[in-house]
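**Q**
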Amino acid sequence: MSRILSRNSTLVYPDYGMFQIFDCQDYDDTASVPGRRDFSVGERSVYLRSLQTNVRVHLTLESWDTEPAWDEGSWEGSHTAVIEIATGVVGVSEITAGVQPDLLTLAAPGRYGIRVAHRNRHEVSEAHMALYDRFDDVQGPGFRAAKRALEGREQYLAQFWPEP
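Start counting the sequence shown at 3; every next residue gets the next number (the working numbering).
#1: Out of Arg-136, Gln-54, Gly-79, Glu-69, point me to the one whose CA is closest to Val-14's CA.
#2: Go ahead and pull the three-state DSSP assignment for Phe-21.
#3: Any idea what DSSP makes of Leu-152, helix, strand or coil?
#4: Give the single residue among Ala-147, Ile-97, Gln-141, Leu-50 whose Cα lies nearest to the Cα of Val-118.
#5: With a threshold of 8 angstroms on Cβ separation, who are the neighbours of Leu-122 within its own chain once the five nearest residues in sequence on each side are excluded?
#6: What's the C-alpha gap between Leu-106 and Ser-65?
#7: Which residues mark the beginning and the end of the beta strand (DSSP E) in which Ser-80 is found?
#8: Should Val-94 go down as buried or exposed, given a rule of 16 or more other Cβ atoms within 10 Å for buried?
#9: Using the C-alpha atoms, what's the distance from Trp-163 back to Arg-5?
#10: Suppose contacts are defined by Cβ-Cβ distances below 8 angstroms. Is Ile-23 in contact with Val-48 by that definition?
#11: Classify Tyr-114: buried if its beta carbon has 16 or more other beta carbons within 10 angstroms, exposed otherwise.
This is how it looks when you write it as structure tokens:
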């Protein structure tokens, strides 16, 4: 039975509708941006695609001792890949918005299976677009409060486990 070793959560700004999970000390330029796909993978990182670029999303990162069991029913989509994490320290690039370093420390450097999953992407994108119809002043307090209320409803999960 798999055992979780560590977990961390954060809010991520999906700049240009995407963000990248990568080794903090070993930037990966082999991963292509996802375009219309939900996910793209390189040798040392993955990109995740949001359907919007204005509302921060919730990301949970998990480290496991072996591949964890998977309940696909609670997520709208998922992908699995194998990447190299040379230092064992994972961070997130928010593209031009910056980097959140040192979010998860894995058991050791090496090759890792990674499962990424998402939910509520369409719901948040549609709710955000509806705010422009609801509010005349997009800089006003009502719009800003309604936008903040959407933060974290779009969710992503990234699970790591050592690959043989």
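Ideal Cβ positions, reconstructed from N, Cα and C, are used throughout, including at glycine. All of these numbers come straight from a predicted model, not from anything done at the bench.
**A** On the basis of the coordinates in this document:
#1: Gln-54
#2: strand
#3: helix
#4: Leu-50
#5: Looking at the sequence itself, residue 122 is Asn, so the reference to Leu does not match. Counting only Cβ-Cβ distances below 8 angstroms, and skipping sequence neighbours, we find Glu-78, Arg-155, Glu-156, Gln-157.
#6: 8 angstroms
#7: 79 to 87
#8: buried
#9: 10 angstroms
#10: yes
#11: buried
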